[in-house]
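Adding 19 to a residue's 1-based position in the sequence shown gives its number in the working numbering. Yeah, the Cβ is synthetic: ideal placement off N, Cα and C, and Gly gets one too. Just so you know, these numbers come straight off a predicted model, no measurement behind them. Comments concern the structure below.
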Amino acid sequence: MTVTPPDSDARWMDEALLEARAALVHDDVPIGAVVVHDGRVIGRGHNERERLSDPTAHAEVLALREASAHLGSWRVLDSTLYVTLEPCAMCAGAIVLSRIPRVVFGAPDPKAGAAGSVLDVLADPRLNHRPEVLGGVAEQECADLLRGFFAARRGG
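Here it is in structure tokens:
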């Protein structure tokens, strides 16, 4: 297995943050994701729910779709998913189904997180796949981006 080594997590989270900022262009919540395989990005995504009028257009789902297409398989093996916010239940389900072996996220999501905050789908022993999960990488920068977005929406 050639999963991305942990010492490069900050570098790849920076790539996910670039994706998150791209969501701001179309007024979507700034969440970004990248899938890294053999030291290079094979899938990118940022929230596009507003732009596409699609409730499933989350950063993780879009990045996993692109990575699957790149690999020619629904199994996204030997890869790491980097995402700026803890995955929700839908994205956690997609992660389990993709068989991706490692997930790294930035900020926890105390209202909808499914990697330990509200639910822990990614560690549920009843499921057939449980990826390694690391949270808190570039947490402050990821959280600040989200806080700034919502503060601007509230007018303050």
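Nearest-angstrom Cα separation, counted from residue j out to residue i
i: Val80; j: Phe169; result: 22 Å
i: Ser117; j: Leu165; result: 27 Å
i: Gly64; j: Glu38; result: 6 Å
i: Gly155; j: Ala126; result: 6 Å
i: Asn147; j: Tyr101; result: 21 Å
i: Arg84; j: Arg94; result: 10 Å
i: Ala171; j: Ile50; result: 16 Å
i: Gly174; j: Gly58; result: 41 Å
Cβ-Cβ distance between residue i and residue j below 8 Å
i: Val122; j: Pro150; result: yes
i: Val48; j: Ala41; result: no
i: Asn66; j: Ala82; result: no
i: Val53; j: Glu34; result: yes
i: Ala86; j: Gly112; result: no
For residue i, the first and last residue of its enclosing beta strand (DSSP E)
i: Leu100; result: Ser98 to Leu104
8 Å contact criterion, which residue i and residue j should meet: CB distance rounded
i: Pro120; j: Leu153; result: That belief does not hold up - the Cβ atoms of Pro120 and Leu153 are roughly 12 Å apart, past 8 Å.
i: Ala162; j: Ala29; result: Actually they are not in contact, since the Cβ atoms of Ala162 and Ala29 sit about 15 Å apart, beyond 8 Å.
i: Ser98; j: His45; result: Not quite, the Cβ-Cβ distance comes to about 27 Å (not below 8 Å), so this is no contact.
The alpha helix (DSSP H) enclosing residue i, as first and last residue numbers
i: Val115; result: Ala108 to Ser117
i: Ala82; result: Ala78 to Leu90
i: Arg68; result: Arg68 to Leu71
Query raised in the report: If you pair each beta-carbon of the stretch 89–98 with each one of the stretch 126–146, do three or more pairs fall below 8 Å?
Result: No: fewer than three Cβ pairs fall under 8 Å.
Query - Inter-stretch contact at 8 Å, needing at least 3 Cβ pairs: the stretch 103–110 / the stretch 119–134 - result: These segments touch.
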